[in-house]
Amino acid sequence: MSDFLALRRRKARPAQADLAEVMVSEADGIRAMYLGSDTMQSAMRVKDPCDLVLAYTRATMAFLLFQPDPRRILHVGLGGGSLPRFCHARLPRAENVAVEINPQVVALCRSQFALPDDERMQVVVDDGIDYVSRQTQAFDVIVIDAFDGRNIITAMVAEPFLHDCRMALREGGVLAVNLWSRHPRFHEHVEAMRLAFDGKVLTLPAETHGNIVAFALGGLSGNALRFDALTERAQAAGAAVGLDLAAMVPAMKKHNPHSGARLML
Numbered sequence: 062m063s064d065f066l067a068l069r070r071r072k073a074r075p076a077q078a079d080l081a082e083v084m085v086s087e088a089d090g091i092r093a094m095y096l097g098s099d100t101m102q103s104a105m106r107v108k109d110p111c112d113l114v115l116a117y118t119r120a121t122m123a124f125l126l127f128q129p130d131p132r133r134i135l136h137v138g139l140g141g142g143s144l145p146r147f148c149h150a151r152l153p154r155a156e157n158v159a160v161e162i163n164p165q166v167v168a169l170c171r172s173q174f175a176l177p178d179d180e181r182m183q184v185v186v187d188d189g190i191d192y193v194s195r196q197t198q199a200f201d202v203i204v205i206d207a208f209d210g211r212n213i214i215t216a217m218v219a220e221p222f223l224h225d226c227r228m229a230l231r232e233g234g235v236l237a238v239n240l241w242s243r244h245p246r247f248h249e250h251v252e253a254m255r256l257a258f259d260g261k262v263l264t265l266p267a268e269t270h271g272n273i274v275a276f277a278l279g280g281l282s283g284n285a286l287r288f289d290a291l292t293e294r295a296q297a298a299g300a301a302v303g304l305d306l307a308a309m310v311p312a313m314k315k316h317n318p319h320s321g322a323r324l325m326l
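Position 176, counted from 1, in the sequence shown is what the numbering used here calls 237; the numbers after and before it change by one each time, with no gaps.
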């Protein structure tokens, strides 16, 4: 890697000394994790740890409409482990790898957020950007949920890292990125994804809190993007994991270019 690219990759990433303080609270049966601010980063229902409490986590699982049987899933950003925990429980054929830069987050996720510990759940303490750049084994799905306590980590929605994500995906793989619609550079973030994935990007707003999940597709086109095909896959995948994924198809139609019968990507 050139010095120039290395600098671009590192821009706007927190140094180890600047990692956010991690806090945990619990009320009304919900255990929550906070990273250096009063914004809830993760939430777990104590009596049902695999329930996806936050709306954006449910929206993120719409990657199953495009990759319904993933075997390798990479989670960049662990937090309270909501998505790794859910994928481990509901997708028994999938291997999950979670990369988290903050060792305190990993320790608390293990001790207080029921993070599984077996051969299908690997946790790596590392910088996610560096980790992805080194990968030689491809993933079916990459989920980016990276937050520095104040904002989305800009380097994780910039072209160098997005290019590395595309290279780390198998043909037909999906990149899912949790974004904030109120971020002043939201449209730039989506455009960077479009540039890295030849325009094959769609967005899905979460039900609450202004989160929007952007999906970059590594190969799907044509009939696979027809709404009837998406609905059929959503019904099957949703039944398998216990989520109403079919309800997300009309939202995709509303918020993305389409011909009436199919998404136009």
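We treat Cβ as the ideally placed atom computed from N, Cα and C, and that holds for glycine.
| Alpha carbon to alpha carbon, what distance is there between residue 125 and residue 308? | 13 Å
| message | Using C-beta distances below 7 Å, list every residue in its chain close to residue 287, excluding the 5 sequence neighbours before and after it, in chain order. | response | 322, 323
| residue 193 versus residue 185 - alpha carbon distance | 12 Å
| What's the gap between the Cα of residue 257 and the Cα of residue 215? | 15 Å
| Helix, strand or coil for residue 224 per DSSP? | helix
| request: Report the residue from 102, 153, 182 whose alpha carbon sits nearest the alpha carbon of residue 166. | output: With respect to the C-alpha of residue 166, the residue from 102, 153, 182 having the closest C-alpha is 102.
| task | Step through the CB atoms of chain B and report whether any lies within less than 7 Å of the CB of residue 260. | result | As a matter of chain content, chain B is missing from the structure shown, which is built from one protein chain.
| field | Contacting residues, own chain, Cβ-Cβ under 6 Å from residue 62 (five flanking each side not counted) | value | With a pLDDT of 48 at residue 62, under the threshold of 50, the modelled position of this residue cannot be trusted, and the question is left open.
| message | Can you tell me where the beta strand (DSSP E) holding residue 325 begins and where it ends? | response | No beta strand (DSSP E) contains residue 325, which DSSP labels as neither H nor E.
| request: For the alpha helix (DSSP H) containing residue 205, list its first residue and its last residue. | output: Here residue 205 belongs to no alpha helix (DSSP H); instead the beta strand (DSSP E) covers 200 to 205.
| Is the beta carbon of residue 157 sitting closer than 7 Å to the one on residue 170? | no
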